[in-house]
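Numbering (the UniProt record's numbering), first residue to last: 1 to 200.
Ideal Cβ placement from N, Cα and C applies to all residues, glycine included.
Read through the structure below, which is laid out as structure tokens, and then see the notes.
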Amino acid sequence: LTELPKFVRLLAEHSGQLVNYSQFGAGINVSHKTGQRYVGLLEQVFLIATVQPWFTNALKRIVKTPKLHFLDSGLLATARGLSFDRVKADRGTFGPLLESFVFAEVLKLMTAPDLRLTPHHFRDRDGREVDIVLERDDGMIAGIEVKASATVKAGDFGGLRALAEACGDRFAFGIVLYDSTDVVPFGDKLAAAPLSCLWG
Numbered sequence: 001l002t003e004l005p006k007f008v009r010l011l012a013e014h015s016g017q018l019v020n021y022s023q024f025g026a027g028i029n030v031s032h033k034t035g036q037r038y039v040g041l042l043e044q045v046f047l048i049a050t051v052q053p054w055f056t057n058a059l060k061r062i063v064k065t066p067k068l069h070f071l072d073s074g075l076l077a078t079a080r081g082l083s084f085d086r087v088k089a090d091r092g093t094f095g096p097l098l099e100s101f102v103f104a105e106v107l108k109l110m111t112a113p114d115l116r117l118t119p120h121h122f123r124d125r126d127g128r129e130v131d132i133v134l135e136r137d138d139g140m141i142a143g144i145e146v147k148a149s150a151t152v153k154a155g156d157f158g159g160l161r162a163l164a165e166a167c168g169d170r171f172a173f174g175i176v177l178y179d180s181t182d183v184v185p186f187g188d189k190l191a192a193a194p195l196s197c198l199w200g
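Here it is as structure tokens:
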């Protein structure tokens, strides 16, 4: 327990990244299995979530490692020592905070009784990834990519296109959430949408 604050700070540095239990354990001089157990305990008290990858057995080039998210972006910022001024000065620190914030907001929306969704993430061995993949109980798939920017370009949809290719007819739509006010189409079933759409 004395190592818990250090462990939380260590996990905070990896929020939005693939889980590496060996690295987590080594950070506080415990084994892979102990690191995994500590992560499980923090999940049980709703500080963090590990998100399973989306894949099918037919796909051989998909990364099958869970991803870590903090469920409280304020705690995440504090654990990483990020003040408002520091984030403003270094926009590179904002991306992981925003991704985990959006993930937590999506989880809240999923509590609606008529939504039967399971969250995943997607990453292939070419590095193409989608931050949040939502799978409906009928097998349909939607992808959400989070971009900490006021502009979006076609290249930002590489991960969503890879997901669409992997899903085939099961792909419902893909969106890039970004810091603007306009909805912009980017081809069949793909669009950029403002982050504010999370709040209606």
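Have a look at the options and flag the residue whose alpha-carbon is nearest the alpha-carbon of residue i.
i: residue 97; options: 113, 78, 112 and 111; result: 78
i: residue 67; options: 3, 99 and 137; result: 99
i: residue 28; options: 130, 10 and 175; result: 10
i: residue 130; options: 180, 136, 121 and 138; result: 121
i: residue 18; options: 123, 25 and 46; result: 123
i: residue 191; options: 86, 178 and 5; result: 178
i: residue 181; options: 169, 198 and 127; result: 198
i: residue 136; options: 115, 90, 13 and 72; result: 115
i: residue 69; options: 158, 185 and 39; result: 39
i: residue 108; options: 6, 46, 185 and 63; result: 46
i: residue 94; options: 118, 52 and 16; result: 16
i: residue 62; options: 134, 157, 156 and 127; result: 127
i: residue 104; options: 117, 53 and 73; result: 73
i: residue 119; options: 44, 49 and 5; result: 49
i: residue 44; options: 71, 85, 106 and 90; result: 71
i: residue 92; options: 160, 13 and 75; result: 13
i: residue 169; options: 183, 138, 90 and 88; result: 138
Please name the residue or residues paired with residue i in a DSSP beta bridge.
i: residue 129; result: 123
i: residue 12; result: Partner(s): none; residue 12 has no beta bridge.
i: residue 141; result: 135 and 171
i: residue 118; result: 135
i: residue 152; result: In DSSP, residue 152 forms no bridge with anything.
i: residue 198; result: Answer by DSSP bridge pairing: none, since residue 198 is not bridged.
i: residue 191; result: 175 and 185
i: residue 18; result: 67
i: residue 30; result: According to DSSP, residue 30 bridges with nothing at all.
Return the chain-ordered list of same chain residues with a C-beta closer than 6 Å to the C-beta of residue i, the five sequence neighbours on each side being excluded.
i: residue 21; result: 32, 35 and 36
i: residue 167; result: 141
i: residue 75; result: none
Go through its chain and collect everything with a Cβ distance to residue i's Cβ below 8 Å, but skip five positions before and after it.
i: residue 189; result: 164, 171, 172, 173 and 174
i: residue 102; result: 131, 132, 144, 146, 177, 195 and 198
Counting only the same chain and skipping the five closest in sequence on each side, list residues whose C-beta sits under 7 Å from that of residue i.
i: residue 25; result: 31, 32, 34 and 35
i: residue 154; result: 186
i: residue 117; result: 110, 134, 135 and 136
i: residue 51; result: 66, 67, 69, 119, 120 and 121
i: residue 55; result: 62 and 64
i: residue 3; result: 28
i: residue 162; result: 124 and 128
What beta strand (DSSP E) runs, 3 residues minimum, are completely inside the region 32 to 105? Those beta strand (DSSP E) runs which fall completely within the region 32 to 105 and span 3+ residues are 48 to 51 and 67 to 70.
Specify whether the region 78 to 88 and the region 144 to 156 touch according to this definition: at least 3 beta carbon pairs, one from each stretch, less than 8 Å apart. No, they do not touch.
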